[in-house]
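Using the numbering used here, read the sequence shown as starting at 49 and increasing by one per residue. Cβ atoms here follow ideal geometry from the backbone N, Cα and C, with glycine treated the same way. Keep in mind it's a predicted model, so treat the numbers as computed, not measured.
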Amino acid sequence: MHSEKSAVAERDRRGEPGVGDRVLEIRGLGKVYAGGERALEGVDLDIRRGEIFALLGPNGAGKTTLISIVCGIVTASEGTVSVDGLDTVRDYRRIRPRIGLVPQELHTDAFESVWATVSFSRGLFGLRRDDRHIEKVLRDLSLWDKRKERIMHLSGGMKRRVLIAKALAHEPEILFLDEPTAGVDVELRRDMWELVRGLRTGGVTVILTTHYIAEAEEMADRIGVISRGRLILVEEKRELIKKLGKKQLRVELQEPLEALPAELGDLQVALLSEGHELELTFDANDERTGIPTLLRRLGELGIHYRDLSTRQSSLEEIFVSLVSERTEPRGAEAAP
Ligand SMILES: Nc1ncnc2c1ncn2[C@@H]1O[C@H](COP(=O)(O)OP(=O)(O)OP(=O)(O)O)[C@@H](O)[C@H]1O
Ligand SMILES: [Mg+2]
49 MHSEKSAVAE RDRRGEPGVG DRVLEIRGLG KVYAGGERAL EGVDLDIRRG
99 EIFALLGPNG AGKTTLISIV CGIVTASEGT VSVDGLDTVR DYRRIRPRIG
149 LVPQELHTDA FESVWATVSF SRGLFGLRRD DRHIEKVLRD LSLWDKRKER
199 IMHLSGGMKR RVLIAKALAH EPEILFLDEP TAGVDVELRR DMWELVRGLR
249 TGGVTVILTT HYIAEAEEMA DRIGVISRGR LILVEEKREL IKKLGKKQLR
299 VELQEPLEAL PAELGDLQVA LLSEGHELEL TFDANDERTG IPTLLRRLGE
349 LGIHYRDLST RQSSLEEIFV SLVSERTEPR GAEAAP
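Printed below as a string of structure tokens:
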């Protein structure tokens, strides 16, 4: 698996992504619901085979709509989607078996047993019964002990696991997880992350939506940010953090200051902690960080400090600033 991934990385570095590496292609996708509500506009996106892609966006951004179109539950108003080069509308019957979907809403067959519902799900795709596969899926999801339970007797978190088991019953090559960890406890969230990583190792492409920035940060190879129906950014997770990341230098002062000295007014400095700390914000990629200037001026002003530390913006801060920039454009805040 590793060598395969590095082969992809190698091709990407050379800037020649082979067509075979793209499992999903979305072009000019738009959706206007019957009521006139525009949920998606001009979405272009390629998903690479074997990656974990996180679609990150606030409520109502269009995440579920996007996934639902790809899975053939909602029809697009504009644009095309293809899986393995096959059009999802024209070749729906050939494509659907390759896709697994774990929907956002919890609805399961309440009276059925876990085993029956998961096993039946496989049959829906016309696949031969395979008890060994179903057993593996249930064991991977820690559902094996519950296989005879009726679903209505399970907790919410367990029901969510059943939905994942159902989506995996027919061995899909692409798995969509719509808010897989909404409303689940920390332990189950960790289990799910573990499971998703295991799926990728097995060659499954995973596309998940989430509100949880920490989840995208923890799980994803690439992140797409969606806001008001538009995909406003798609980036390697590492690049995203590096590229947009501002850094902060904290200067812990020996004596608190009453106010920010006028001599520091031209730097991006704030006085914090009731005057005990100065914080300089700078671009991590900028050659001129402002650090030497700040330290020199502190020396000239006779301001002594006892400690220095730096910190990188989290993905959360990046995300919040991206989404709010789009909704209420304000140029002033972004440093050149
Ligand atoms: N069936 C529908 N009919 C009309 N409008 C809809 C329908 N489904 C969604 N919408 C609207 O489309 C927009 C996008 O909704 P969508 O469910 O795709 O967002 P989302 O990103 O999944 O949100 P959430 O994080 O809350 O799940 C919203 O404005 C929503 O009100
Ligand atoms: Mg949704």
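Residue burial classification, residue i (beta-carbon count within 10 angstroms, cutoff 16)
i	result
S34	Residue 34 lies beyond the stretch modelled for the chain, which goes from 49 to 384, so this question has no answer here.
P65	Only weak support is given to the placement of P65: the predicted model assigns it a pLDDT of 43, under 50, and the value that follows is read from those uncertain coordinates. P65 should be labelled exposed.
E265	buried
E227	buried
A310	exposed
A57	Because the pLDDT of A57 is 46, which lies under 50, any placement of that residue in the model is unreliable, and the number read from its coordinates should be weighed accordingly. Result: exposed.
R170	buried
L72	buried
T229	buried
F224	buried
F159	exposed
Residue range of the beta strand (DSSP E) that includes residue i
i	result
G90	86 to 96
S275	270 to 275
G127	126 to 131
C-alpha gap between residue i and residue j, whole angstroms
i	j	result
E183	L191	9 Å
R142	Q360	46 Å
D157	T257	24 Å
D239	R144	27 Å
S51	L281	Confidence in S51 is poor, its pLDDT being 45 and thus under 50, which makes the residue's placement too unreliable to answer from.
M49	V254	Only weak support is given to the placement of M49: the predicted model assigns it a pLDDT of 40, under 50, and the value that follows is read from those uncertain coordinates. For M49 and V254, the distance between alpha carbons rounds to 15 Å.
S125	V80	6 Å
L326	V299	5 Å
D199	D193	The sequence shown places Ile at residue 199, not Asp. Taking the straight line joining both Cα atoms gives about 13 Å.
G323	E306	6 Å
R138	G174	20 Å
V368	G148	30 Å
G347	F330	20 Å
M206	G78	35 Å
Bridge partners - residue i, DSSP secondary structure assignment
i	result
A318	E327
K79	L88
L149	F224
S357	R298
E183	Bridge partners of E183: none, in fact.
D135	S130
T257	L103, D226
E283	I271
R70	R96
The alpha helix (DSSP H) enclosing residue i, as first and last residue numbers
i	result
K194	Note, K194: premise wrong, no alpha helix (DSSP H); not H, not E.
F101	Counting along the chain, F101 falls outside any alpha helix (DSSP H), though it belongs to the beta strand (DSSP E) covering 100 to 104.
G347	339 to 349
Contact belief for residue i with residue j at Cβ below 8 Å, rounded distance in angstroms
i	j	result
E221	V185	So it is not a contact: roughly 15 Å between Cβ atoms.
V91	L114	7 Å
A109	S275	5 Å
L189	L243	7 Å
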